[in-house]
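Shown next, in structure tokens, is the structure this report addresses.
Numbering (this note's numbering), first residue to last: 143 to 193.
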């Protein structure tokens, strides 16, 4: 049973590690890029919502 617990612990730890790698490699740069685009986008004083 001790080996099974160790294997499950390492499996869950590995999944958490790869999730963090995915977040740091793809999601974080995507989020930063969207934020930068939003800040650099020129703001309109009056949005033309009604026509």
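In this text, a Cβ means the ideal position worked out from N, Cα and C, and glycines have one as well.
Could you have a look at residue i and say whether DSSP puts it in helix, strand or coil?
i	result
residue 157	helix
residue 143	coil
residue 184	coil
Rounded to a whole number of angstroms, what is the C-alpha to C-alpha distance between residue i and residue j?
i	j	result
residue 158	residue 168	15 angstroms
residue 173	residue 164	13 angstroms
residue 148	residue 166	27 angstroms
residue 176	residue 145	45 angstroms
Excluding the 5 residues flanking residue i on each side, which residues of the same chain have their C-beta closer than 7 angstroms to its C-beta?
i	result
residue 156	none
residue 179	none
Against chain D, does residue i count as a neighbour if the rule is that its beta carbon must be under 7 angstroms from one of theirs?
i	result
residue 174	As a matter of chain content, chain D is missing from the structure shown, which is built from one protein chain.
How about residue i: is its Cβ closer than 6 angstroms to a heavy atom in the ligand MG?
i	result
residue 178	Although the ligand MG was asked about, the structure shown includes no ligands whatsoever.
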